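Asker: Supplied in structure tokens, the structure appears directly below.
In this note's numbering, the protein residues as written are 353 to 456.
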């Protein structure tokens, strides 16, 4: 009977190192972008360019931070995900109520 090769992670220690390095790099990028967002937000000069830049940086922080938060800290990430989905749930409930009122 042929023996199947074992492809578990224990035989590939390099994969663990690569994943740890990637997670560390993503965390460092997140912290740098977060620091930039705070510095831009605290800037006293308020202008359209600053507002747009701040919005884009915070959007990037949320886009990168949410998956990392859910990956490394699921107890914090899932409530954040629920909060992000809350506006859609509210709008869906409003649409259903309007449809129900129209049909009556």
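In this text, a Cβ means the ideal position worked out from N, Cα and C, and glycines have one as well. Fair warning: this is a prediction, and the values are worked out from it, not measured in the lab.
With respect to the alpha helix (DSSP H) encompassing residue 449, which residues constitute its N-terminal and C-terminal limits?
Answerer: Indexing the chain shown from 1 puts residue 449 at position 97. Looking at the DSSP string, the run of the alpha helix (DSSP H) that includes residue 449 is 426-455.
Asker: Would you call the segment 410-428 and the segment 440-455 in contact, with 3 or more CB pairs under 8 Å?
Answerer: Because the criterion of three Cβ pairs below 8 Å is not met, the segment 410-428 and the segment 440-455 do not touch.
Asker: Evaluate residue 444 with the Cβ neighbour count: other Cβ atoms within 10 Å of its Cβ, from every protein chain shown; 16 or more gives buried, anything less gives exposed.
Answerer: To locate residue 444, count along the chain shown from 1; it is residue 92. With fewer than 16 other Cβ atoms within 10 Å, it is exposed.
Asker: Cβ atoms of residue 388 and residue 420: under 9 Å apart, would you say?
Answerer: As a position in the chain shown, residue 420 is number 68, starting the count at 1. As a position in the chain shown, residue 388 is number 36, starting the count at 1. No, they are not a contact pair.
Asker: Does the beta-carbon distance from residue 412 to residue 390 come in below 9 Å?
Answerer: In the chain shown, the residue the question calls residue 412 occupies position 60. In the chain shown, the residue the question calls residue 390 occupies position 38. No. Outside cutoff.
Asker: Looking at C-alpha atoms only, which residue of 370, 365, 410 is the closest neighbour of residue 383?
Answerer: Numbered from its first residue, the chain shown carries residue 383 at position 31. Selected option, being the one with the closest Cα: 410.
Asker: Is it true that the CB of residue 433 sits closer than 9 Å to the CB of residue 422?
Answerer: The residue you call residue 422 lines up with position 70 of the chain shown. The residue you call residue 433 lines up with position 81 of the chain shown. For residue 422 and residue 433, yes; Cβs fall inside 9 Å.
Asker: To the nearest angstrom, how far is the alpha carbon of residue 371 from that of residue 448?
Answerer: Here residue 371 corresponds to residue number 19 of the chain shown, with the count starting at 1. Here residue 448 corresponds to residue number 96 of the chain shown, with the count starting at 1. Looking at the two C-alpha atoms, the distance is approximately 44 Å.
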